[in-house]
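What follows is a short report on a single structure.
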Amino acid sequence: MREKDYVVIIGSANIDVAGYSHESLNYADSNPGKIKFTPGGVGRNIAQNLALLGNKAWLLSA
Numbered sequence: 001m002r003e004k005d006y007v008v009i010i011g012s013a014n015i016d017v018a019g020y021s022h023e024s025l026n027y028a029d030s031n032p033g034k035i036k037f038t039p040g041g042v043g044r045n046i047a048q049n050l051a052l053l054g055n056k057a058w059l060l061s062a
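My numbering puts the sequence shown at residues 1 to 62.
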């Protein structure tokens, strides 16, 4: 039996960090808010979307 073909993606994988303030920013003061971490990187995004489409995807990143 032949194994299903796969795609190798060579590209970046990183963590995107975004900060959001609950109100307008005040210089030299505390600015309460939230920090959101999400997976990112062009190579990782391509690999994820290929996998969601049903392809076997391998990501090679440094």
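Beta carbons: idealized from backbone N, C-alpha and C, even for Gly.
- Counted as a single uninterrupted DSSP element, the stretch harbouring G11 is not any beta strand (DSSP E), since DSSP gives it neither H nor E.
- DSSP lists K34 as the bridge partner or partners of Y20.
- Of the residues assessed, L59 falls on the buried side of the cut-off, its CB having 16 or more other CB atoms within 10 angstroms.
- When C-beta atoms of the stretch 42-62 are compared with those of the stretch 1-13, three or more pairs fall below 8 Å, so the two segments count as touching.
- Rounded to whole angstroms, the gap between the alpha carbons of S24 and K4 is 53 Å.
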